[in-house]
Each structure stands twice: as C-alpha cells, then as structure tokens.
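The listed protein sequences derive, respectively, from chains A and B.
For the first sequence, the working numbering begins at 1 and goes up steadily by one.
For the second sequence, the working numbering begins at 392 and goes up steadily by one.
A short write-up of the structure that comes next.
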Amino acid sequence: MASPLELHHPPAFFVSGPSPFAKLIFFVALSIALMAVDSRMQYLNKIRTGFISVTSPLQAIANAPSELYQSLARQLVTRAELIKKNDRLTKQAMQNSMILQRFKSLEIENSRLRNLLVAAQTSILPSKLGEIVHMGRDPFVHKVTVNLGSHHKIVPGQAVIDDKGVIGQVTNVYSNSSEVTLITDKSLSIPIQIERNGLRAVAFGRGRDYTLDLPYLPANVDILKDDILITSGIDGVYPEGLVVAKIASITHQQDSPFANIVAVPVAGVMNHRQLLLLNLPQKIEVDEKVNRVIPPANIKTKDLMPIGITTNQLSPVLTKPALANTVARTVIDNPSQQSAIAKLATVKPAIIQSAITTTLAAEPTSKPAVRSSVRSAPKPANIVEPAHAPG
Amino acid sequence: MRQVSFRLVLLSFLLAYVCHLMPWSGLALWLKPEFMLLVLIYWLLRAPYLCNVGSAWLVGLAIDLATGSLLGQHALVYAFTAFLAVSYHRRLTLFNVWQQAAYVLILLVIERSLLFVLKIFSGGENPGLIYWTACLTGLVVWLLVSFSRFGLHLQSRKV
C-alpha cells in the first residue's frame, strides 16, 4: 500500500552554476540590447519571419477549436433562421441593384462633365480579396492578420478596405500571411475630407477604444456630430472617396484653441472576415502639349476616371507631374496671381519652375518671362508611413 | 527524489504556447492569463536545475516573436520574474498552498507592471485598470494547478 509520503516528492534544493543574480544581469543587458536593435533597425525581421513559419503548425492547432466551433455553428443553424436570412439578403440585393443602375448612369455623366474641364486622369486600382485569419494578440497594438502574403505579391503599404470603408494599411508581410494595422492604431493616420462641406483634415488613431482623433482643427470649424468622413486621396495611398468614419463627439476645452473631435470608424473588423487589399497606385505620365495623361499600357482609356480642376482651385488628387504642369499653365496664364497659386499647390517650387520652363519652351507665342518667385508651399499633411508598431 | 523528465517540461510549455496562440479577442484578450509565465513559475519551483533564468529568457523571447511586440520586452520581464522566484525558492517550498498562491500573485503583478512600464516607454497608450485583471485570472489558474495532482510536488511537506 503506497503511503502518502511516497506519492509526492519534495522539490530539489541544490542548483549549481552561476548565481541567479549574475544570470539576471546578463539577460537584462541582452534584452535591452535586443530591444534597442529591434526598434531602430530592421535586422531582426528575418528572425521573426522564420520563427512565424516554424510555429505555423502550432498556430493552426491553436486556431482549430474556434474554426471547429464556427463550422459546427454553421451546420447546426435552424431552417427558420436560414429562411429569414435569405429573405433579408434578397431584399438587400434588390435595393442594391436599384442603386447600382442609377450609379452607372451617374458615372458616365460625371466623366463627361469632367472631360469638359481639362484635367489629368487617374486609374481605378486593382485589388485582391483576403480573409482575416486572426485578430492581433497584443491589446496595445491594433492589428489583424490576413491570409495573403508575399506569395500573392502583397507589399507593405497597401491600403485595406472592406465593403463599408477603410480598415487600414498592410505593415508587415510574411510569406503566406500579412499584418494589417488598423487606422485606430496609434501609429497610423489618414487624410480625410468631410463629405458634407469638403473640409480637409487628418485623422489620427488613438491606440485605445477603437476611435479616431482629429486634432489641430480650430474650435469654430464647420463640423457636426454624425458627419461622414471620407478619404481625400491626397496621400496617394488610399483612393479618394472611401468612407472612413463618423463623428461621434465634438467638445471644446476652455484652455485650448483646438476642438476635441472624436470619430468612430465605419468599417467593422468585428463584423466579417473578408477584406480587400488595394494595390499601390501606379505612376502616371503627362503629355505636356495637350495637358492630358498618357495612360499606362495595360489600362484601357475607358477605365480612366477624370478629375475636375478649375483655375482657382487645384485638386490635390492629381499626381505630381500632372499637378506641376497644371500649376505651370495657370501661372503662365495669370502671372499676377502667381503667389496665390503657389500657396494652393502642394508641389515643390523647383518642380513647378522646371514645368514652367518646359511648357514655355514648347510654346511658340511670346509671353512675358515668369520669374521664379514661387514661394515654398506647405507639404501635404499625411504621415502614412508603415512604421514599426510599438510594443 | 524523482527526476523530472525534460520531455514533460517541454510538453507543458508547448501546451501553454498553443493556449497563448489561440484567437483571443475583445474582453477575453484582456482577461487572458499568461499561460507561459505560470508554467514557468511552476517548473522553477519544482525543478530549478532544469528551468532557470535562462529558460525564462528564452520563453519570453518566444512570446515576443509570437506577439509581434518589440523583441526583448517579454524576455526581460520573464527573466526578472524568474530571478525573483528562484532567489526565494528555498523559502517558497516551505509555504503552504495559500501562501505560495499569494507569492505567485505578487510575481504576476510585478511582471504586469514591468511590462506596462516597458510598453509605455516604447510608445503605447495607457489601457487602464483592466490591464491588471490578467493577474487575477492567472491566480485562479495557479490555484487550480496547486490543488491538482501536479501541485503536490510544489510542497516539501503536506499542508
């Protein structure tokens, strides 16, 4: 009969080797060195990628229970629920098709109107469909992992959207998966425009509670609760016109000249798993004589969407060469308003000057020489670099 | 005394790692106990010749690589916690279950606070008090283990 004393064995007391304190000092120094290297340089990314590919079977095992539960839930759904869902989706599809018919005719009318105003053209961005594999594991960092990687030709910096609006940007790419940082993460910002009145601003992620912040707007700015924010397309990363967020609250503090505006993103990462990864926009050439865009070889002319521009308002959606040419033309035509135009434009004065000289050289008529008094313009206020996420 | 097999230690760490990799989200992400840390403290108390400050550092590094945070944060914090556990190891084995559980709670709180400081320094935001609920869930898991068959080995005499 086994006595209770034989059942449990006392723990070991004697440990040889360097004292724990010496070990601690060594490992603390090593950790600090690792943190410094990882935050400043990108050497350790290869180790991270290798480690993730090695532990992917473990990750698959860990995901298995929840996948099993979800597939079971889908199998065991009742017939009444399915009929209700079917009815709801049919109704929604009918409403959508009505809106879509109007949209096609509006699109054609829009492109015809824009063609009347001489302008450059951009192209529609192709995209890839991805699925969320799991949400980020660190509650400090707002990231999700998607099942497309470098095998599917994903590069860091690509914009990610879902059917409701903007989700974020791709920051890290591994061979079969990539990490998407949400716009609510502390390190990302996105240039937006208020849909109602066209006011432009930049929205920063706050890093907590899934909201966006619009700082540096004066207290008397024309913005109301429930205003919709859309991308303004200035940064060249997100296409123009995608819905980003909805204003949740506007408060004023007595001691600050800026308003305290909080917006809630419209896209729901919690709702569904399908995401669209948009390709990075391509560079576009401009034909200087006619001031129209030469489309890249693989894009048909009928796919191009023109963008309107008037002489006293320069649309920042134009790419830099196109914008420089339009600014040059406007400056040549109105030499007295040169400084005002330079303030509106967001292109470097050197580029405008070279565009002016080339345009003047191409023209046979004699116009008064345009001085290079184009003052330096403010830089576009976007900071969408895929920085290494903190912690 | 019976030698602890290295394979058992490795298996337990692997199991804890799989638990860590599961798709926790929302509130569960805040309440998730640090499985790897609990398994680490268990083996530190039971077999310090097998599992010591070095292994703690490696375990922390594995967590860093999986979580995608700055490499070295968890490693540093786990190594420090292991040091605290090992330096009081001889006294700990004389405690009873509840005193050991209290000490483990203190270790968990220290670990969370250190990690909090490191994350704030590397640019994170203050998450609020919910960040420390992981200590309480960790304590619950530790108590479960303590009262089970595996917990007998932690005491040098019966309660």
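Think of the CB as a built atom: it goes at the ideal place given N, C-alpha and C, for glycine as much as any other residue.
Check	Outcome
For residue 221 of chain A, which three-state DSSP category applies?	coil
Three Cβ pairs or more, each shorter than 8 Å: is that satisfied between the stretch 164 to 180 of chain A and the stretch 44 to 53 of chain A?	yes
Who are the near neighbours of residue 483 of chain B in its chain, counting only those whose CB is closer than 7 Å to its CB and skipping five residues on each side?	436, 491, 494
Going by beta carbon distance, what residues of the same chain come within less than 6 Å of residue 193 of chain A, once the five residues before and after it are set aside?	200, 230, 232
Fully enclosed by the stretch 497 to 545 of chain B, which alpha helix (DSSP H) runs are 4 residues long or longer?	524 to 537
Looking at residue 176 of chain A and residue 157 of chain A, is the spacing between their C-beta atoms short of 7 Å?	no
Between the alpha carbons of residue 80 of chain A and residue 93 of chain A, how many angstroms are there, rounded?	20 Å
Given a cut-off of 7 Å, decide if residue 226 of chain A and residue 205 of chain A are closer than it, judged by their beta-carbon atoms.	no
In angstroms, rounded to a whole number, what distance separates the CA positions of residue 84 of chain A and residue 131 of chain A?	26 Å
Got a sec: which bits of the stretch 128 to 149 of chain A sit with their beta carbon under 8 Å from any beta carbon on chain B, in order along the chain?	134, 135, 136, 137, 138, 139, 140, 141, 143
Examine chain B for any beta-carbon lying closer than 7 Å to the beta-carbon of residue 314 of chain A, and answer yes or no.	Bear in mind that the predicted position of residue 314 of chain A carries a pLDDT of just 40, short of 50, making it unreliable; the figure below should be weighed with that in mind. False, the Cβ-Cβ gap to chain B never drops below 7 Å.
Suppose the cutoff is 6 Å on Cβ atoms and the five residues either side in sequence are ignored; what does the same chain contact list for residue 142 of chain A look like?	182, 184, 185
Determine whether the beta carbon atoms of residue 433 of chain B and residue 450 of chain B lie at a separation below 7 Å.	no
Are residue 430 of chain B and residue 403 of chain B close, meaning C-beta to C-beta below 7 Å?	yes
Following a CB-centred definition, is residue 180 of chain A positioned closer than 6 Å to any heavy atom of the ligand MG?	Only the bare structure without any ligand can be found here, which leaves the ligand MG out of the picture.
Could you give the first and the last residue of the continuous alpha helix (DSSP H) run that contains residue 430 of chain B?	426 to 437
If you follow the alpha helix (DSSP H) that residue 188 of chain A is part of, which residue opens it and which one closes it?	That residue, residue 188 of chain A, is in no alpha helix (DSSP H); it is neither H nor E in DSSP.
Output yes or no for whether 7 Å exceeds the beta carbon distance between residue 164 of chain A and residue 266 of chain A.	yes
Tell me, please, whether the CB atom of residue 62 of chain A is closer than 7 Å to any CB atom in chain B?	yes
What number of angstroms, rounded off, separates the C-alpha of residue 446 of chain B from the C-alpha of residue 464 of chain B?	15 Å
Can a CB atom of chain A be found closer than 7 Å to the CB of residue 539 of chain B?	no
Counting along the chain, where does the beta strand (DSSP E) carrying residue 200 of chain A start and finish?	200 to 205
In its own chain, which residues sit with a C-beta less than 8 Å from the C-beta of residue 37 of chain A, not counting the 5 before and 5 after it?	43, 44
Applying the criterion that 16 or more other CB atoms from any shown protein chain within 10 Å of the CB defines a buried residue, is residue 417 of chain B buried or exposed?	exposed
Can you look up residue 159 of chain A in the DSSP assignment and give me helix, strand or coil?	strand
Quick check: the Cα distance between residue 95 of chain A and residue 87 of chain A, rounded to an integer number of angstroms?	13 Å
Ignore the nearest five residues each way along the sequence and tell me which others in residue 297 of chain A's own chain have a CB closer than 8 Å to its CB.	Any answer about residue 297 of chain A is weak, because its pLDDT of 48 lies below 50 and its placement is not dependable; what the coordinates show is given next. Correct list: empty, nothing qualifies.
For residue 187 of chain A, which of B:539, B:452, B:523, B:516 has the nearest alpha-carbon?	B:516
In whole angstroms, give me the CA-to-CA distance for residue 264 of chain A and residue 405 of chain B.	39 Å
Taking 7 Å as the CB-CB cut-off, is residue 488 of chain B touching chain A?	no
Taking the alpha helix (DSSP H) that residue 23 of chain A falls in, what are its first and last residues?	20 to 40
Run through DSSP, which three-state label would residue 236 of chain A get?	coil
Using a C-beta to C-beta distance shorter than 7 Å, which residues of chain A count as neighbours of residue 421 of chain B?	139
Mind listing which residues of the stretch 204 to 217 of chain A have their C-beta closer than 8 Å to chain B's C-betas, in chain order?	206, 207, 208
Counting only Cβ pairs nearer than 8 Å, list the residues of chain A close to residue 413 of chain B.	62, 63, 65, 66
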